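**Student:** Encoded as structure tokens, here's the structure I'll be asking about.
Protein chains: 2
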Amino acid sequence: MARTDFSRMRCPIARSMEVLGERWAILVLREAFYGTTRFDDFSRNLGIASNILSARLGKLVDNGVLQRVPAATGGRHEYRLTEKGRDFFPAYLALKRWGDRWMGNPEGPVTVLVEADTGREITSPPLLDSAGAPLELDRVRILPGPGAGPAMRQRFGDKA
Amino acid sequence: MARTDFSRMRCPIARSMEVLGERWAILVLREAFYGTTRFDDFSRNLGIASNILSARLGKLVDNGVLQRVPAATGGRHEYRLTEKGRDFFPAYLALKRWGDRWMGNPEGPVTVLVEADTGREITSPPLLDSAGAPLELDRVRILPGPGAGPAMRQRFGDKA
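Chains as they are written, first to last, in this note's numbering: chain U, 1 to 160; chain Y, 161 to 320.
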């Protein structure tokens, strides 16, 4: 069966998954957030085969999440986060919070992120409702947005 | 080459990706957040082949993200979010925010999430530093956490 082309789907989450929905892609991004820029360092830190790493880095570059720049200190080029890539950091933190809580090690998190100048721990902020209490999922309602097609408008529109 | 077993990796993000790092898994979760519970509704709303959907639902059940419960109104069973699954909602929202911003449609988001009682839009909260300003990535420092092994302690520990 042909592989579904997620990049043509209307849902931006689906299109995001076309870029990120591969197990290694998010770990390559994790490494970039850890400050890794060189192919050999990605390869060593991730324990990933060169051909797979090369494909993942290439796809992230093609999609504007990373950019390939000349190496600052000789050698090969480096991979730097673009604005689009840096803007994924809150989503990475939210995934890390979930992973640490539900898929974590009994001893606790492997890494802790802190503000360099204050030492304050950086964690994904909790979802609060308009009264400042934790937001409960059963109070969330889905509405069609401005980019909704007819099917989504029918699905989530007012039936009144 | 053998497929790397992410579930044995120490990093909880890697273990999370073993469950979620497949393009369909996150869309199945999206549907669950939209209120979908029945196999046929997942199948129709996602346009996914039955065998793939069945495998994805089974993996999410095996990993405690969804649970299979007897259907409330006859017919087959339903798939309900567990606490672990519901707790993924902030990460889903953070992914949605990034997708809408960087992979979105020119007309705007396909769906908008609001608080049912107030109509207030629900979005992923921004990352702020301790002074309340947007957190800049270059001010983030990575430290080894309590679950860090020797390699991570060496990598991120104080070299002083």
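All C-beta atoms, glycine included, are put in the ideal place defined by N, C-alpha and C.
Source: prediction; values computed, not measured.
In whole angstroms, what is the alpha-carbon distance linking Asp40(U) and Asn63(U)?
**Tutor:** Translated into positions along the first sequence, residue 40(U) becomes position 40. Translated into positions along the first sequence, residue 63(U) becomes position 63. Their backbone Cα atoms lie some 22 Å apart in a straight line.
**Student:** Threshold first: 3 residues or longer. Then list the beta strand (DSSP E) segments lying entirely within the segment 37-104 of chain U, N to C.
**Tutor:** As far as the segment 37-104 of chain U is concerned, its whole beta strand (DSSP E) runs of at least 3 residues are 66-69, 78-81.
**Student:** Which class does Glu296(Y) belong to by DSSP, given the choice of helix, strand or coil?
**Tutor:** Sequence index remark: in the second sequence, residue 296(Y) carries index 136 (1-based). Glu296(Y): coil per DSSP, three-state reduction.
**Student:** Which of the three DSSP states is assigned to Glu267(Y) in this structure?
**Tutor:** Here residue 267(Y) refers to the residue found at position 107 when the second sequence is read from its first residue. Looking at Glu267(Y) - three-state DSSP - the assignment turns out to be coil, as it is neither helix nor strand.
**Student:** With DSSP collapsed to three states, give me the class of Ile26(U).
**Tutor:** Numbered from its first residue, the first sequence carries residue 26(U) at position 26. In the structure shown, Ile26(U) sits in a helix (DSSP, three-state: H, G or I).
**Student:** Of the choices Trp98(U), Val110(U), Glu83(U), whose alpha-carbon is the least far from that of Trp258(Y)?
**Tutor:** By 1-based counting over the second sequence, the position of residue 258(Y) is 98. Residue Glu83(U) is the option with its Cα nearest to Trp258(Y).
**Student:** Quick one: Cα of Leu143(U) to Cα of Thr4(U), how far?
**Tutor:** Within the first sequence, the letter at position 143 stands for residue 143(U). Within the first sequence, the letter at position 4 stands for residue 4(U). Using only the alpha carbons, I get a separation of about 26 Å.
**Student:** Taking only beta-carbon atoms, is Leu351(Y) less than 8 Å away from chain U?
**Tutor:** Residue 351(Y) lies beyond the stretch modelled for chain Y, which goes from 161 to 320, so this question has no answer here.
**Student:** Between the segment 179-202 of chain Y and chain U, which residues of the former have CB atoms less than 9 Å from a CB of the latter, in chain order?
**Tutor:** Going along the segment 179-202 of chain Y in chain order, one finds Val179, Leu180, Gly181, Glu182, Arg183, Trp184, Ala185, Ile186, Leu187, Arg190, Phe193, Tyr194, Gly195 with a Cβ nearer than 9 Å to chain U.
**Student:** Over what stretch of residues does the alpha helix (DSSP H) that includes Glu121(U) continue unbroken?
**Tutor:** As a working note, residue 121(U) is residue 121 in the first sequence. Unbroken run through Glu121(U): none, as it is neither H nor E.
**Student:** Listing by chain order, which chain Y residues have their CB less than 8 Å from the CB of Lys96(U)?
**Tutor:** Residue 96(U) sits at position 96 when you count from the first residue of the first sequence. Result: Pro172, Ile173.
**Student:** Using 8 Å as the threshold, is the segment 283-301 of chain Y in touch with the segment 122-132 of chain U, meaning 3 or more CB pairs across them?
**Tutor:** Yes: the two stretches touch, three or more of their Cβ pairs being nearer than 8 Å.
**Student:** Can you tell me which of Ala133(U), Ala71(U), Thr73(U), Tyr79(U) puts its alpha carbon nearest to the alpha carbon of Ser43(U)?
**Tutor:** Start at 1 with the first residue of the first sequence, and residue 43(U) comes out as number 43. Of the listed residues, the one whose Cα sits closest to Ser43(U) is Tyr79(U).
**Student:** Could you tell me whether the Cβ of Leu295(Y) comes closer than 8 Å to any Cβ of chain U?
**Tutor:** Residue 295(Y) sits at position 135 when you count from the first residue of the second sequence. Taking Cβ atoms only, chain U reaches closer than 8 Å to Leu295(Y), which makes this a yes.
**Student:** Go to Ser16(U), then tell me how far its alpha helix (DSSP H) extends in each direction, as first and last residue.
**Tutor:** The sequence position of residue 16(U) within the first sequence is 16, counting from 1. Its alpha helix (DSSP H) spans residues 12-20.
**Student:** Could you name the residues of the same chain whose beta carbon sits closer than 8 Å to that of Phe249(Y), not counting the 5 residues immediately before and after it, in chain order?
**Tutor:** For the purposes of this step, residue 249(Y) is taken as residue 89 along the second sequence, with counting starting at 1. Phe193.
**Student:** Counting C-beta neighbours from all protein chains within 10 Å, is the total for Pro172(Y) 16 or more, i.e. buried, or is it exposed?
**Tutor:** The residue given as residue 172(Y) occupies position 12 in the second sequence. Pro172(Y) is buried by the Cβ-count criterion.
**Student:** How close, in whole Å, do the beta carbons of Leu95(U) and Ala251(Y) come, if the pair is a contact with beta carbons under 8 Å?
**Tutor:** Along the first sequence, one-based indexing puts residue 95(U) at 95. Along the second sequence, one-based indexing puts residue 251(Y) at 91. Going by Cβ atoms, the distance from Leu95(U) to Ala251(Y) rounds to 5 Å, so yes, they are a contact pair.
**Student:** For chain U, check one thing: does any of its Cβ atoms lie closer than 8 Å to the Cβ of Arg168(Y)?
**Tutor:** In the second sequence, counting from the first residue as 1, residue 168(Y) sits at position 8. So no, Arg168(Y) is outside the interface.
**Student:** Starting from the beta carbon of Ser16(U), find every residue of chain Y whose beta carbon is closer than 7 Å, and list them in chain order.
**Tutor:** The residue given as residue 16(U) occupies position 16 in the first sequence. Per Cβ cutoff of 7 Å: Leu255, Trp258, Gly259, Met263.
**Student:** Here's a check: name, in chain order, each residue in its chain whose Cβ is nearer than 7 Å to the Cβ of Leu81(U), leaving out the five neighbours to either side.
**Tutor:** As a position in the first sequence, residue 81(U) is number 81, starting the count at 1. Within the same chain, Leu81(U) has close Cβ partners Ala32, Leu66.
**Student:** If contact is defined by three or more beta carbon pairs under 8 Å, each pair taking one atom from either stretch, is the segment 205-220 of chain Y in contact with the segment 46-53 of chain U?
**Tutor:** These segments do not touch.
**Student:** Of all the CB atoms in chain Y, is at least one closer than 8 Å to the CB of Val110(U)?
**Tutor:** Walking along the first sequence from the start, residue 110(U) turns up at place 110. At least one chain Y Cβ lies under 8 Å of Val110(U).
**Student:** Which residues, in order along the segment 206-234 of chain Y, keep a beta-carbon less than 7 Å from a beta-carbon of chain U?
**Tutor:** Within the segment 206-234 of chain Y, the residues whose Cβ lies closer than 7 Å to some Cβ of chain U are Ala209, listed in chain order.
**Student:** Mind the definition here: the segment 102-121 of chain U touches the segment 168-183 of chain Y only if three or more C-beta pairs lie below 8 Å; say whether that holds.
**Tutor:** The segment 102-121 of chain U, when compared against the segment 168-183 of chain Y, does touch it at the 8 Å Cβ threshold.
**Student:** Are the Cβ atoms of Pro109(U) and Gly305(Y) separated by less than 8 Å?
**Tutor:** In the first sequence, residue 109(U) corresponds to position 109, counting from 1. In the second sequence, residue 305(Y) corresponds to position 145, counting from 1. Yes, they are a contact pair.
**Student:** Name the residues in the segment 298-311 of chain Y whose C-beta lies less than 7 Å from a C-beta of chain U; which are they?
**Tutor:** From the segment 298-311 of chain Y, only Arg299, Val300, Arg301, Ile302, Leu303, Pro304, Gly305, Pro306, Gly307, Ala308 have a Cβ closer than 7 Å to chain U.
**Student:** By Cβ distance, which residues of its chain are closer than 8 Å to Ala185(Y), with the 5 residues on each side in sequence left out?
**Tutor:** Taking the second sequence and counting its residues from 1, one reaches residue 185(Y) at position 25. Contacts found: Val179, Arg216, Lys219, Leu220.
**Student:** What residue range is occupied by the uninterrupted alpha helix (DSSP H) comprising Arg153(U)?
**Tutor:** Within the first sequence, residue 153(U) is the residue found at index 153, counting from 1. First-last of the alpha helix (DSSP H) with Arg153(U): 150-156.
**Student:** Which residue's Cα is closest to the Cα of Arg170(Y): Gly35(U), Ser54(U), Glu107(U), Arg68(U)?
**Tutor:** Here residue 170(Y) corresponds to residue number 10 of the second sequence, with the count starting at 1. Closest option to Arg170(Y), Cα to Cα, is Glu107(U).
**Student:** Exposed or buried, Leu53(U), counting other C-beta atoms within 10 Å across all chains shown (16 or more means buried)?
**Tutor:** For the purposes of this step, residue 53(U) is identified with residue 53 of the first sequence, where counting begins at 1. Buried, since its Cβ has 16 or more Cβ neighbours within 10 Å.
**Student:** Give me the residue from Arg315(Y), Leu189(Y), Thr196(Y) with the minimum Cα distance to Val112(U).
**Tutor:** Residue 112(U) sits at position 112 when you count from the first residue of the first sequence. With distances taken between Cα atoms, Val112(U) lies closest to Arg315(Y).
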